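First the structure, in the form of structure tokens, and then the observations on it.
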Amino acid sequence: MKNVTVVVDYRELYSPVAESLERRGIVIIKKQLAVGDYIISERIGVERKRASDFLDSLIKKRLFDQVKRLADAYEKPLMVIEEEGLFSRNIDKKAIYGALASIVSDYGFSIIQTKNAEETADFLSALAKREQLKQKREIALRGKKPSFSLRQQQQFIIEGLPFVSAVTAKKLLDYFGSVRRVINATVGELQEVEGIGKKKAEIIKEIIEKKWEEE
């Protein structure tokens, strides 16, 4: 039977979740990840936050930077909020609900809440087994060229454009058929793709066409 693997950011390596995953027979690979805490497959990256971490990130205005980067890197970004206490501080509930709503609606995240590290490990283990054994999906890390197929490398190039997430990159490539045609598309043509409005299209073209200037 094929081993099930989860890539774990080095900061999470000695967490109760990583230890629990190993006890469940999951092979742990330690990496310094640019985004996320756990990589489940080529399309699922996971940000794990205890309730207190979530609130700290929200207050210090780090939350949405982390969210955007994970959404840009993976087709199905996931946030696990661990432990109770999300509404224990003197923070307006509307602000918390608004942040959660934005993460789901604007960035395409799924959000799972667990009681503790054991429950988190149970969920991640089940998710990894489904992705890797049933769906036959591989692990893929952003920026690791040997892990990418030609199709993935094409997608990676398009994802480098402003406002282009993994999902939007696929839509652009499906519509235009090649990296070259995406790059050569006019502002009007770019707007034909769902998720690309006039302003985004103009910024994309400016980035592509503006002359490089030395610092």
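Numbering-wise, the sequence shown is residues 6 to 220 according to the numbering used here.
All C-beta atoms in this analysis are idealised placements derived from N, C-alpha and C, irrespective of residue type, glycine included.
This structure is a prediction, so every number in the text was calculated from the model and none was measured.
Enumerate in chain order the residues of its own chain whose CB-to-CB distance from residue i is below 7 Å, with the five nearest sequence positions on each side excluded.
i	result
Gln159	Leu178, Val184
Tyr79	Arg48, Ile49, Gly50, Ala171
Gly116	The sequence shown places Ile at residue 116, rather than the Gly named in the question. So the qualifying residues of the chain are Met84, Ile86, Leu105, Ile108, Val109.
Pro151	Its pLDDT being 40, under 50, Pro151 is placed unreliably in this model, and the coordinates cannot settle the point.
Ile163	Val169, Ala174, Leu177, Leu178, Val184, Val187
Phe92	Lys98, Ile101
Trp23	Sequence inspection shows Ala at residue 23; the Trp mentioned does not correspond to that position. Here the set comprises Val13, Glu17, Ile33.
Glu136	Ile45, Ser46, Ile49, Arg142
Arg55	Glu87, Glu88
Gly200	Thr173, Lys176
Is residue i near residue j, with beta carbons less than 8 Å apart?
i	j	result
Ala128	Pro82	Correcting the residue identity first, residue 128 is Phe in this sequence and not Ala. No. Outside cutoff.
Arg74	Val109	no
Val169	Tyr180	no
Pro21	Ala122	yes
Tyr43	Val72	no
Arg53	Glu88	no
Lys243	Tyr19	Because the chain is modelled from 6 through 220, residue 243 falls outside the range shown and cannot be assessed.
Ala126	Ser62	no
Ile45	Ala133	yes
Ile212	Leu166	yes
Gly103	Ser57	no
Arg28	Leu60	no
Looking only at its own chain, which residues have a Cβ that is under 8 Å from the Cβ of residue i, when we skip the five neighbours before and after it?
i	result
Gly148	Confidence at Gly148 is low in this model, with a pLDDT of 35, below 50, so the placement of that residue should be treated as unreliable; the coordinate-derived value is given next. These residues qualify, in order along the chain: Ala39.
Gln157	Glu47, Ala145
Taking 6 Å as the limit between beta carbons, can you name the residues of its chain near residue i, skipping five residues before and five after?
i	result
Gln118	Ile86
Lys210	Val192
Asn8	Val32
Lys205	Phe168
Tyr112	Val72, Ala76
Leu1	The displayed coordinates of the chain run from 6 to 220. Any statement about residue 1 would go beyond what the structure contains.
If I follow the unbroken alpha helix (DSSP H) through residue i, where does it start and stop?
i	result
Val184	184-189
Leu68	68-78
Arg142	Arg142 -> no alpha helix (DSSP H), and no H or E assigned at all.
Lys36	Here Lys36 belongs to no alpha helix (DSSP H); instead the beta strand (DSSP E) covers 32-36.
Lys134	122-134
Ile213	203-214
Gln196	First-last for Gln196: undefined, no H or E at that position.
Ile108	98-110
Val172	171-181
Ser25	21-28
Glu218	Unbroken run through Glu218: none, as it is neither H nor E.
Leu155	155-164
Tell me where the beta strand (DSSP E) around residue i begins and ends.
i	result
Ser115	115-119
Which residues share a DSSP beta bridge with residue i?
i	result
Tyr43	Val13, Val51
Ile86	Lys54, Gln118
- prompt: Does the segment 88-104 touch the segment 184-194, meaning 3 or more C-beta pairs lie closer than 8 Å?
  reply: Too few Cβ pairs lie closer than 8 Å, so no.
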